[in-house]
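Chemist: The structure is given below, and queries will be raised subsequently.
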Amino acid sequence: MALRTASVPIPSSRRFRLPRDAGLGYLLLAPAILLLLMLVGYPFLTAVVMSLQKKLIGQAAAPFIGLDNYITLLMDRTFWIVVRNVLVFAGISVALKLIIGTAVALALNESMPARGIIRSIMILPWALPTLVAVLIWMWMYSDVGGVFNSVLMGTGAIERPILFLSDPVLAMASVIAVNVWRGFPFFSITLLAGLQSVPSDAYDAAKVDGAGIYARFRHVTLPGLAPVMAVVTLLSTIFTLNDFAIIWLLTRGGPGNATDVLSTLTYKVAIRGLELGKGVAVSVLMLPLLIVLIVLLTRFINKREEAG
Amino acid sequence: MSDAIRVASARTEAHSFAGSLRRERMVKLTLQWSVLGTALVVVIFPMYWMLLTAFDPPSLSYTSQISLLPKRLTFSAMSQLLREYDFLLWMRNSATVAIISTLLAVVVGTLAAYSLARLRYPGRGFLAGVFFLAYIFPATLLVVPVFVILSVLGLTDDYIGLVLSYLIFTVPFCTWMLRAYLTSIPPELEEAALVDGATRVQAMLLIILPLAAPGVAAATIFAFTLSWNEYLYAFILMTDSTKMTLSPGMTKLVFGDIFLWGMIMSGATLMSLPVVLLYFVAQRFVVSGLTAGSVKG
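Below you can see the structure in the form of structure tokens.
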């Protein structure tokens, strides 16, 4: 009773309390914001400045050269190959992760024996360190004793080992496979949660109307799941576009430039090639695409927050 | 007469409805088990292969005769790894860096999250967006300037430099995740406390924090995992073998022409143990935490 009567005078006292809240609000936020300014804001500005300079590792002098780094890159054929690679890599990986993640989420949504255990096992590829996942697949792909080649050769299916990582065509498929293996649980777990928030009455109504499995999926499941799918897909795309470890460790971007992506190119140009300014410019050129993705993502998240 | 026909036709309809339901159930089960069966094999086999290689390491002669089952079990690869490389040092360094950055991120993040979730002030929405942006900001863009800045400060090859680098993503991540979690806690509880005369801070510490414990636990686990698994910054910043974390350390094992897979897989197994254990112990938190940002409620 005391609670209920107390809720009446709150609005006016809350308005009266606002300035005090504001002070505490900013205060609590301050450490985090300060850290972000120092660790994200400042490096970002430094990066932009660096990209406009001819800055090399080991040299103190960094002459301002304006947009030269960018122009050189945009006119370099290799750069566009790398752009194509990263789009292919991210595009196919995310699409596969979405499809597989949805399928697994749908399968896990039904009650069944050992569902909990199966669900726990399904998270494992995502829980493992990326490095571990990459090393395991590197070993499996190996043309010297790796299990894929050994089994294929042992059963006589092939005569010589398949060069999963050094064949120009296969290499991209191989790295995509690892990314998908590692990343699909993120989709399946999130989509499973999304599935469980689709009201079951909608399904019952559809069943009564005579809708079969496929029709129910298309008209009840998909619309309900679409917002979550959008958020997860956009998030995963952003992260996949930035992935470094998988490609670097498996192929170093090779053979040639076949699997080079913007992140590995940045490393090669800036750290290996000692051209810091140019290397940073490579990453900055990724920003337009990222901004588009981020704007889309923010819109979908806000829609979710309003609806939920 | 018409009643009997009506009942009969209703019964036929019910039968065919039940029949189609049963058929549907069969189709569903088949689909379900084929998907899960394939997925389980694909998920489990690589991990099984890692363990098999670690405890039944292949001989250097790489005969193409390969068995999918262990012929013997031995710790020889693992002990060789621990003897010949600074593996234990790497592990200790990974743990140190992960624990420190996690603690800092969770503390700072919880305060910031509470502020963003509960208090009102101009610019709140914008500031919340800033954290999200910071989290998804491409690491590849930041790593070069961070490397340069830390070099100037003399903090490369130093765990402090790495901790600072990890705060770049752990702080925004914890803030974002905890904010989503805190907004799902009904505000009535605090309001009641405030009316009873508690200060905001008291309400936050005594009421909200205990309630938010699962969310904080999830954030802690995630942040630890992010730091433990991190590759790019560790690889670029740490070059001294005694200061390295596991990521660059393990990379040392795969550079060059001869790969000693037994040792590498032993290292991989050891590196996975802490995070896998964490996930199994705290699964519920993990799932709820993971979905807090993407799915509401």
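In order, the protein sequences belong to chains A and B.
The first sequence begins at 1 in my numbering and counts up by one.
The second sequence begins at 1 in my numbering and counts up by one.
Where is the CB? At the ideal position from N, CA and C, for every residue including glycine.
These figures come from a predicted structure and were not determined experimentally.
Determine the direct distance from the alpha carbon of isoleucine 221 of chain B to that of isoleucine 121 of chain A, and round the result to whole angstroms.
Modeler: Near 18 Å, if we compare the C-alpha coordinates of isoleucine 221 of chain B and isoleucine 121 of chain A.
Chemist: For phenylalanine 126 of chain B, which of A/Thr233, A/Ile33, A/Val228, A/Leu276 has the nearest alpha-carbon?
Modeler: If we check each option's Cα against that of phenylalanine 126 of chain B, A/Ile33 comes out closest.
Chemist: Return the CA-CA distance between glutamate 24 of chain B and threonine 30 of chain B, expressed in angstroms with no decimal places.
Modeler: If I take the Cα positions, the gap works out to 10 Å.
Chemist: Listing by chain order, which chain A residues have their CB less than 7 Å from the CB of alanine 39 of chain B?
Modeler: Within 7 Å Cβ-Cβ: Val104, Met122.
Chemist: First and last residue of the alpha helix (DSSP H) that includes arginine 119 of chain A?
Modeler: Residues 115-127.
Chemist: At which residues does the alpha helix (DSSP H) containing alanine 134 of chain B begin and terminate?
Modeler: That run of the alpha helix (DSSP H) goes 124-136.
Chemist: Is the region 260-267 of chain A touching the region 275-284 of chain A in the sense that three or more CB pairs, one from each, lie closer than 8 Å?
Modeler: At 8 Å Cβ cutoff, the stretches touch.
Chemist: Taking DSSP's pairing of strands, which residues face phenylalanine 217 of chain A in a bridge?
Modeler: Paired residue(s): none; phenylalanine 217 of chain A is not in a bridge.
Chemist: Relative to the alpha-carbon of leucine 277 of chain B, which residue among B/Phe173, B/Ser59, B/Phe224 has its alpha-carbon at the smallest distance?
Modeler: Selected option, being the one with the closest Cα: B/Phe224.
Chemist: What is the rounded straight-line gap between the Cα of methionine 140 of chain A and the Cα of serine 93 of chain A?
Modeler: Those two C-alpha atoms are separated by around 19 Å.
Chemist: Would you identify the three-state DSSP class for leucine 28 of chain A, choosing helix, strand or coil?
Modeler: Reduced to three states, the DSSP call for leucine 28 of chain A is helix.
Chemist: Does chain A have any CB closer than 8 Å to the CB of lysine 71 of chain B?
Modeler: It does not; no Cβ of chain A falls within 8 Å.
Chemist: Would you decide whether arginine 182 of chain A is buried or exposed? Buried here means 16 or more other CB atoms lie within 10 Å of its CB.
Modeler: Result: buried.
Chemist: Spell out a yes or no on whether the region 226-236 of chain B and the region 246-256 of chain B are touching, meaning 3 or more CB-CB pairs, one atom from each, closer than 8 Å.
Modeler: With the cut-off at 8 Å, the region 226-236 of chain B and the region 246-256 of chain B touch.
Chemist: Who are the Cβ neighbours of glycine 273 of chain A in its own chain at under 8 Å, not counting the five residues just before and after it?
Modeler: So the qualifying residues of the chain are Gly279.
Chemist: Tell me, to the nearest whole angstrom, how far the beta carbon of proline 191 of chain A is from that of glycine 256 of chain A; I am working on the premise that it is less than 8 Å.
Modeler: It is leucine, not proline, that sits at residue 191 of chain A in the sequence shown. Contact flag wrong, Cβ pair sits at about 37 Å.
Chemist: Are any of the Cβ atoms in chain B nearer than 8 Å to that of tryptophan 80 of chain A?
Modeler: For tryptophan 80 of chain A, the answer is no, since every Cβ of chain B falls outside 8 Å of its Cβ.
Chemist: Kindly say whether threonine 140 of chain B, judged by its beta-carbon, lies nearer than 8 Å to any beta-carbon of chain A.
Modeler: For threonine 140 of chain B, the answer is yes, since a Cβ of chain A falls inside 8 Å of its Cβ.
Chemist: Spell out a yes or no on whether the region 216-233 of chain A and the region 186-202 of chain A are touching, meaning 3 or more CB-CB pairs, one atom from each, closer than 8 Å.
Modeler: A contact exists between the region 216-233 of chain A and the region 186-202 of chain A.
Chemist: How many Å lie between arginine 316 of chain A and serine 151 of chain B at the Cα?
Modeler: Past the boundaries of the shown model lies residue 316 of chain A; chain A is included only from 1 to 308, so the question cannot be answered.
Chemist: State the Cα-Cα distance for the pair leucine 74 of chain A and proline 288 of chain A, rounded to the nearest angstrom.
Modeler: Each residue's Cα considered, the two are about 14 Å apart.
Chemist: Short of 8 Å in beta carbon distance, which residues of its chain neighbour aspartate 157 of chain B, apart from the five on each side in sequence? Order them along the chain.
Modeler: Correct list, in chain order: Leu237, Met238, Thr239, Asp240, Lys243.
Chemist: For glutamate 159 of chain A, which residues in the same chain have their Cβ closer than 8 Å to its Cβ, ignoring the five residues on either side in sequence?
Modeler: Once the five neighbours on either side are set aside, the close Cβ partners of glutamate 159 of chain A are Met153.
Chemist: To the nearest angstrom, report how far apart valine 144 of chain B and aspartate 76 of chain A are at their CA atoms.
Modeler: C-alpha separation (whole angstroms): 21 Å.
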